[in-house]
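Peer 1: Per my numbering, residue 4 is the first one in the sequence shown, and the count goes up by one each step. Ideal Cβ placement from N, Cα and C applies to all residues, glycine included. Quick one: the structure is below, and I'll ask about it shortly.
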Amino acid sequence: MIYQASDLATRRREFINAARDGRAHLRDTDGTELVALRAGELEVLDGLAFWSGQHRRLERLLRDVEAPNVEQLGDLAWLRVFDRDDLVAFVEELYECLIAATADRNLAVLLEAVDAWRATAQQLEDPLRRSVLLARHDPSDFVDAGRP
Numbered sequence: 004m005i006y007q008a009s010d011l012a013t014r015r016r017e018f019i020n021a022a023r024d025g026r027a028h029l030r031d032t033d034g035t036e037l038v039a040l041r042a043g044e045l046e047v048l049d050g051l052a053f054w055s056g057q058h059r060r061l062e063r064l065l066r067d068v069e070a071p072n073v074e075q076l077g078d079l080a081w082l083r084v085f086d087r088d089d090l091v092a093f094v095e096e097l098y099e100c101l102i103a104a105t106a107d108r109n110l111a112v113l114l115e116a117v118d119a120w121r122a123t124a125q126q127l128e129d130p131l132r133r134s135v136l137l138a139r140h141d142p143s144d145f146v147d148a149g150r151p
């Protein structure tokens with residue numbers, strides 16, 4: 004149903020309920036079509052649009068460039084610490100999270116994944132942590148700890 008601007012005077016509650024239940028369409032007196040929806044749904048749509056754009060941009064960048072630099076990464080410059088294989092893994096995981104977030108209509112899985120990648124990137128910035136995280140480990144390097 005498309006409400007008219009004049010409907011807001013007499014059918015305001017019906018319009019609000021329609022927006023609360025999903026979306027409410029309104030045609031203004033000049034013919035402009037407006038949509039009212041829950042703020043949370045708009046936040047999800049904005050997040051999906053942003054991360055879909057970032058995914059597409061990074062995917063294209065990796066297709067065209069072997070090792071993207073900070074300028075090319077732009078607002079994803081925090082990914083600069085990762086090698087190409089890790090960047091490809093990030094793009095693949097981001098894609099899967101976008102599908103899940105779209106299906107769930109919830110950004111949680113997407114934001115958790117991005118936060119985890121960002122936390123790892125921060126750890127890799129430190130040379131000592133980087134050497135520990137990326138070093139080869141032999142099971143014989145580890146021993147059981149005794150009780151204190």
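Would you kindly work out how many angstroms separate the C-alpha atoms of M4 and A52, rounded to a whole number?
Peer 2: For the purposes of this step, residue 4 is identified with residue 1 of the sequence shown, where counting begins at 1. For the purposes of this step, residue 52 is identified with residue 49 of the sequence shown, where counting begins at 1. If you take the alpha carbons of M4 and A52, they lie about 26 Å apart.
Peer 1: Between which two residues does the alpha helix (DSSP H) harbouring H58 extend?
Peer 2: As a working mapping, residue 58 is identified with position 55 in the sequence shown. Its alpha helix (DSSP H) spans residues 42-67.
Peer 1: Please confirm whether V84 and L113 have their CB atoms less than 9 Å apart.
Peer 2: Locating residue 84 in the sequence shown gives position 81, where the first residue counts as 1. Locating residue 113 in the sequence shown gives position 110, where the first residue counts as 1. The answer is no: Cβ separation not under 9 Å.
Peer 1: Could you pull out every residue in the same chain whose Cβ sits closer than 8 Å to the Cβ of H58, ignoring the five residues on either side in sequence?
Peer 2: As a position in the sequence shown, residue 58 is number 55, starting the count at 1. If we look at H58 and ignore the five residues flanking it on each side, its Cβ neighbours are V94, L97, Y98, L101.
Peer 1: With a 10 Å radius around its C-beta and 16 neighbouring C-beta atoms as the bar for buried, classify P151 as buried or exposed.
Peer 2: For the purposes of this step, residue 151 is identified with residue 148 of the sequence shown, where counting begins at 1. That one is exposed.
Peer 1: Among the residues of its own chain, which have a CB less than 6 Å from the CB of V68, if the five just before and after it don't count?
Peer 2: In the sequence shown, counting from the first residue as 1, residue 68 sits at position 65. If we look at V68 and ignore the five residues flanking it on each side, it has no Cβ neighbours.
Peer 1: Find out if the Cβ-Cβ distance for the pair D31, A12 is shorter than 9 Å.
Peer 2: For the purposes of this step, residue 31 is taken as the residue at position 28 of the sequence shown. For the purposes of this step, residue 12 is taken as the residue at position 9 of the sequence shown. No; because the gap between Cβ atoms is not below 9 Å, this pair is not in contact.
Peer 1: In whole angstroms, what is the alpha-carbon distance linking A111 and V117?
Peer 2: Against the sequence shown, residue 111 aligns to sequence position 108. Against the sequence shown, residue 117 aligns to sequence position 114. Their backbone Cα atoms lie some 10 Å apart in a straight line.
Peer 1: Anyone know if the C-beta pair for A22 and L48 falls short of 9 Å?
Peer 2: The residue you call residue 22 lines up with position 19 of the sequence shown. The residue you call residue 48 lines up with position 45 of the sequence shown. No, the Cβ-Cβ distance between A22 and L48 is not below 9 Å.
Peer 1: Report the residue from Y6, A148, E36, W81 whose alpha carbon sits nearest the alpha carbon of A119.
Peer 2: Residue 119 sits at position 116 when you count from the first residue of the sequence shown. The shortest C-alpha separation from A119 is found at W81.
Peer 1: Given a cut-off of 9 Å, decide if A104 and G25 are closer than it, judged by their beta-carbon atoms.
Peer 2: By one-based count along the sequence shown, residue 25 stands at place 22. By one-based count along the sequence shown, residue 104 stands at place 101. Not in contact: G25 and A104 (Cβ atoms no closer than 9 Å).
Peer 1: Could you pull out every residue in the same chain whose Cβ sits closer than 6 Å to the Cβ of V73, ignoring the five residues on either side in sequence?
Peer 2: The sequence position of residue 73 within the sequence shown is 70, counting from 1. A80, R83, listed in sequence order.
Peer 1: With burial defined as no fewer than 16 other Cβ atoms inside 10 Å of the residue's Cβ, what is the status of L45: buried or exposed?
Peer 2: Here residue 45 refers to the residue found at position 42 when the sequence shown is read from its first residue. With fewer than 16 other Cβ atoms within 10 Å, it is exposed.
Peer 1: Just tell me which of F18, S55, G56, W54 has its CA closest to the CA of V38.
Peer 2: Along the sequence shown, one-based indexing puts residue 38 at 35. For the residues F18, S55, G56, W54, the minimum Cα distance to V38 belongs to F18.
Peer 1: Comparing alpha-carbon positions, which option in R108, L64, Q125 lies nearest L76?
Peer 2: Within the sequence shown, numbered from 1, the residue matching residue 76 stands at position 73. With distances taken between Cα atoms, L76 lies closest to L64.
Peer 1: Please classify L1: does DSSP put it in a helix, a strand, or coil?
Peer 2: Because the chain here runs from 4 to 151, residue 1 falls outside it and cannot be looked at.
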